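Read the structure below first, then the notes.
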Amino acid sequence: MFRLCNNIEEAYLMKQQLSEEYFYVAWDESVWESALFACSRNLAGADRKRVWSIVEEFLNEMKSLNLVRNKAMYLPLLLVASETRDIPRALAYYEDMKRDKIHMSDALWGALLQVCASTANDEEALRIMEDMNDKEVMLNVLHCTSYLNALARNDRIETAIDFLHFMANSPKSSSAASFGGILVDLPDMICIRAVLRACTENESYQTALSLFDDIRNGCFGPNVALDETCYNVLLTACPDADEAKKLIREMNLSRRHRKGAIPPSKVSYTRAISVCRKCKSVDSALYFLKHAKDNGVPPDLQMYTAAIWVAAEAENVRCVTRLFREMKEKGILPSLITYNGLITAYARKGDADAALDLYFAALSDGLETNRPTSALLASTLRKTGEADTRIKSIEKVISSCPGDELDSQSLGPILIFAIETYANLGRIQDSLNIFNKIQIPCDVGCLRAITCALSVNPDYWSEAVAIIHSSDTVVGQAPSYIDPVSLGYAMIACSKANKWEEALVLFRLYGDWKTPNVALNSLISACGRNGRTDIALEVLNDMYKPDLLSYRKAMIGCNQAEHEARRVAVKSGSTRSNNEPQGFQWWECALSLLRRMKEDGLKPDMPTYSSAISACEAAGQWQRALSILQTAIQDSHDDSLNLYCFNAALAACEKGGAWVEALDLFERMKQMSGKGLSPNVVSYGSLILALENAGQKDMALSLFRDAMRKDVIKPWRNTRDDNGNYMRAMDLHSFSAAMARAAVRNHLEQLRRKSPNDEFHDLVIVVGKGLRSGDEQPVLRDAAEQVLMREYGIASEVDSSNYGRLVVKGEAIKSMVARWNSLNEL
Numbered sequence: 001m002f003r004l005c006n007n008i009e010e011a012y013l014m015k016q017q018l019s020e021e022y023f024y025v026a027w028d029e030s031v032w033e034s035a036l037f038a039c040s041r042n043l044a045g046a047d048r049k050r051v052w053s054i055v056e057e058f059l060n061e062m063k064s065l066n067l068v069r070n071k072a073m074y075l076p077l078l079l080v081a082s083e084t085r086d087i088p089r090a091l092a093y094y095e096d097m098k099r100d101k102i103h104m105s106d107a108l109w110g111a112l113l114q115v116c117a118s119t120a121n122d123e124e125a126l127r128i129m130e131d132m133n134d135k136e137v138m139l140n141v142l143h144c145t146s147y148l149n150a151l152a153r154n155d156r157i158e159t160a161i162d163f164l165h166f167m168a169n170s171p172k173s174s175s176a177a178s179f180g181g182i183l184v185d186l187p188d189m190i191c192i193r194a195v196l197r198a199c200t201e202n203e204s205y206q207t208a209l210s211l212f213d214d215i216r217n218g219c220f221g222p223n224v225a226l227d228e229t230c231y232n233v234l235l236t237a238c239p240d241a242d243e244a245k246k247l248i249r250e251m252n253l254s255r256r257h258r259k260g261a262i263p264p265s266k267v268s269y270t271r272a273i274s275v276c277r278k279c280k281s282v283d284s285a286l287y288f289l290k291h292a293k294d295n296g297v298p299p300d301l302q303m304y305t306a307a308i309w310v311a312a313e314a315e316n317v318r319c320v321t322r323l324f325r326e327m328k329e330k331g332i333l334p335s336l337i338t339y340n341g342l343i344t345a346y347a348r349k350g351d352a353d354a355a356l357d358l359y360f361a362a363l364s365d366g367l368e369t370n371r372p373t374s375a376l377l378a379s380t381l382r383k384t385g386e387a388d389t390r391i392k393s394i395e396k397v398i399s400s401c402p403g404d405e406l407d408s409q410s411l412g413p414i415l416i417f418a419i420e421t422y423a424n425l426g427r428i429q430d431s432l433n434i435f436n437k438i439q440i441p442c443d444v445g446c447l448r449a450i451t452c453a454l455s456v457n458p459d460y461w462s463e464a465v466a467i468i469h470s471s472d473t474v475v476g477q478a479p480s481y482i483d484p485v486s487l488g489y490a491m492i493a494c495s496k497a498n499k500w501e502e503a504l505v506l507f508r509l510y511g512d513w514k515t516p517n518v519a520l521n522s523l524i525s526a527c528g529r530n531g532r533t534d535i536a537l538e539v540l541n542d543m544y545k546p547d548l549l550s551y552r553k554a555m556i557g558c559n560q561a562e563h564e565a566r567r568v569a570v571k572s573g574s575t576r577s578n579n580e581p582q583g584f585q586w587w588e589c590a591l592s593l594l595r596r597m598k599e600d601g602l603k604p605d606m607p608t609y610s611s612a613i614s615a616c617e618a619a620g621q622w623q624r625a626l627s628i629l630q631t632a633i634q635d636s637h638d639d640s641l642n643l644y645c646f647n648a649a650l651a652a653c654e655k656g657g658a659w660v661e662a663l664d665l666f667e668r669m670k671q672m673s674g675k676g677l678s679p680n681v682v683s684y685g686s687l688i689l690a691l692e693n694a695g696q697k698d699m700a701l702s703l704f705r706d707a708m709r710k711d712v713i714k715p716w717r718n719t720r721d722d723n724g725n726y727m728r729a730m731d732l733h734s735f736s737a738a739m740a741r742a743a744v745r746n747h748l749e750q751l752r753r754k755s756p757n758d759e760f761h762d763l764v765i766v767v768g769k770g771l772r773s774g775d776e777q778p779v780l781r782d783a784a785e786q787v788l789m790r791e792y793g794i795a796s797e798v799d800s801s802n803y804g805r806l807v808v809k810g811e812a813i814k815s816m817v818a819r820w821n822s823l824n825e826l
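Position 149 of the sequence shown, counting from 1, maps to 149 under the UniProt record's numbering, and the rest follow consecutively.
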């Protein structure tokens, strides 16, 4: 029954079925031999882990039955190791066979060497050959070919050629020779072709030509001679059309010999024409076509197709069209590769309509499009300028597909292009409609395209999550595989929609070290925005290799959390000192992250430093804020410094009562004004507040006047009175309380220099609701009234028509000026 199995999965199912139906029957060695041989069939493309899990399950069951592996069982195991390129397992089996004293047959030696060839391990192959020699085993041509293939795949072409010569120098009397203690057969054409093909694949044309000359000169014995295959292999490696012409001419001249004539065939001409693609020589391709006709070799589909591709690479649309017409006139039906060449030619010309017509012509000829064709067409349509034209072309292509489902394996590039095009136009639902028509298994490119489209629009986060949960069937991947890039896009969609819990669930279920950092960074940012900096730090700790942005977003979260903690403390009336021990502090966490990222070899940028300084500012840790700022200045270029760092440090000094340090920092900012660090309204506001809190009102007033001279602060604006007439008012809307007091104080000090005989207008002060007023009395009104009444003894009143205004009557101002003048006279 196992002999009927074509692959390892069928063998596994057969074993399960037989075990259930004939559980009472004991399997002997012959049954297990057949089962293992079934496991070694058609392993190309199979998942390596899956293959070995099945094989190990079989071997473990044999062991439980006390069955000992014999010679016949090791052969399929070595074949599996060869197909999966698993040299450690093969060598382990070899050691087991030596331990169990199993006689090694030629087939076992050959399979063992084939594993070395598949893994390009020529050193192990040579060691095994030495073991064979120790056991007086003659290395046949197949054994030597495996060693030559191992050398060739390891790019040791010269060593492979040397080994060929070692084989050829064997004594003719015994048909074998001893080299380095190894007995080998004489080389045959299989060995020669293996090395010659390796030379061409490594683009070492001169080495291949040298080996070719050795064959021509009889260096490998009378049984090795040039044949058509050798010429065709060498033609593939020709660097240009001239070299190909020499070889074709040499093959043509061989007709003169009675024995050994090797005239060029259709394959020879096809390869010669293909060489012309390297130099885009259309004339040379046409020369080979004519030469073939003149020598009685009628051009076939492959020759015309090769010539069409040469013309396509040269962007010679006229020649492409002529060749296509010529082959059809001769009754040669074009293949899909032919149409691909035609589409390429028109695509490079930018003629999307013609390329599309050729695509449908291929369909009408009964050809099934493949992925290269779809890729060519998608590339052509991407160059179409108008979006409407692209949409019409896409819909036309998709509507031509048979059935209700779309095959992403053949149409993948077109479907990706369609999804991206609709998404770029904001038609996300149309992108989803295309994706929902794709049959399972889905191409990973389509999966990435749709999740990327959904990540742009947060409204579709739930659709992105649903796709990820149902996307475990991907072309070329094992069951339960989740593409990490698509997972990342879905996490970004959730994070943008502030659905950080959903993003976290996706990461916990499907994430691993391949999860893109950009997705995890987005999750960290979403957690920080939503007040869950603790979760953000958990994600950071789970990352395989956090980058600069990861740390920056985590520190921004710490900064936000510290500010929120201080707002809550102020609102609750907490009067705790910043120096009291308070347990866990977010500003400390920010500093810890700053140290950690440096230990990870990452250099913090200015936004990262800014977040750390701001966190210290919120906590009133002005010494640490200044220390971090100094470090940032030392570690950064002048052009990377930003004003936010300095303002945060100034605010920290203000909160800590360090007005002297704040003044020093402010002076440094003024010195660096040419580097984009000129103090702004925030800088002046923090320093004015620091000076006022320290009782330095004169210095605060002087600083306010400096800001007005530089137009950083503009307290005056034109407005209208109750009668609709224009009037000048002091607008304190955007001011802090300290700046509002400084503004009122500055104006009143200017009025002191006037004469009582001057005319005085009403002073209108726009206090608004204040920056922190809430539903209570405006903070700025209290600030203005405090200066007016307490410091200058001037009464004010609230404008009955606008509660956001204070009005000081001109008579009150005039009375104040008169009082001051009389005091000065005394």
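The beta carbon of each residue, even a glycine, is placed where N, CA and C say it ideally should be.
Since the structure is predicted, the reported quantities are computational estimates derived from the model, not experimental observations.
If we ignore side chains and look at the alpha-carbon of each, how far apart do residue i and residue j end up?
i	j	result
residue 884	residue 186	Absent from the structure is residue 884, since the part of the chain shown begins at 1 and ends at 826.
residue 100	residue 598	56 Å
residue 114	residue 90	10 Å
residue 82	residue 247	37 Å
residue 129	residue 318	58 Å
residue 580	residue 570	At residue 580, the pLDDT of 46 sits below 50, so the modelled position is not reliable and the matter cannot be decided from this model.
residue 587	residue 681	25 Å
residue 70	residue 55	16 Å
residue 808	residue 662	34 Å
residue 683	residue 519	36 Å
residue 224	residue 196	13 Å
residue 468	residue 740	55 Å
residue 552	residue 390	41 Å
residue 403	residue 437	10 Å
residue 654	residue 606	22 Å
residue 792	residue 804	22 Å
residue 67	residue 416	53 Å
Where do the N-terminal and C-terminal ends of the beta strand (DSSP E) with residue i fall, by residue?
i	result
residue 789	Element bounds for residue 789: n/a, residue is neither H nor E.
Can you find the residues in the same chain that come closer than 8 Å, C-beta to C-beta, to residue i, ignoring five residues on each side of it along the sequence?
i	result
residue 155	202
According to DSSP, which residues form a beta bridge with residue i?
i	result
residue 718	728
residue 765	730, 806
residue 438	406
residue 797	807
residue 139	184
Give me, in chain order, the residues of the same chain whose beta-carbon lies closer than 7 Å to that of residue i; leave out the 5 immediate sequence neighbours on both sides.
i	result
residue 795	789, 812
residue 355	343, 346, 347, 377, 380
residue 112	78, 90, 94, 128
residue 349	315, 317
residue 643	677, 680
Determine the extent of the alpha helix (DSSP H) in which residue i is found, giving its start and end residues.
i	result
residue 747	737 to 751
residue 644	643 to 655
residue 110	106 to 118
residue 157	157 to 168
residue 103	First-last for residue 103: undefined, no H or E at that position.
residue 567	548 to 571
residue 129	122 to 134
residue 60	48 to 64
Going by beta carbon distance, what residues of the same chain come within less than 6 Å of residue i, once the five residues before and after it are set aside?
i	result
residue 563	618
residue 305	337, 338
*For the 8 Å Cβ check, are there 3 or more pairs between the segment 37 to 55 and the segment 76 to 87?*
Segments in contact, yes.
*Hey, is the segment 437 to 452 in contact with the segment 485 to 502, meaning 3+ C-beta pairs nearer than 8 Å?*
Remark: three or more beta-carbon pairs, one from each stretch, lie closer than 8 Å, so the segment 437 to 452 and the segment 485 to 502 are flagged as touching.
*Could you say if the segment 274 to 293 and the segment 304 to 319 meet the contact criterion of at least three C-beta pairs nearer than 8 Å?*
In short, these stretches touch, since the Cβ pair count reaches three.
*May I ask you to verify whether the segment 238 to 245 touches the segment 213 to 223, counting CB pairs closer than 8 Å and requiring at least 3?*
They do not touch, by the three-pair rule.
*Looking at C-beta atoms only, is the number of pairs between the segment 132 to 139 and the segment 148 to 163 that lie closer than 8 Å three or more?*
Between the segment 132 to 139 and the segment 148 to 163, the count of Cβ pairs shorter than 8 Å is below three; the stretches do not touch.
*Count the CB pairs spanning the segment 688 to 702 and the segment 731 to 750 that are closer than 8 Å, and state whether there are at least three.*
The segment 688 to 702, when compared against the segment 731 to 750, does touch it at the 8 Å Cβ threshold.
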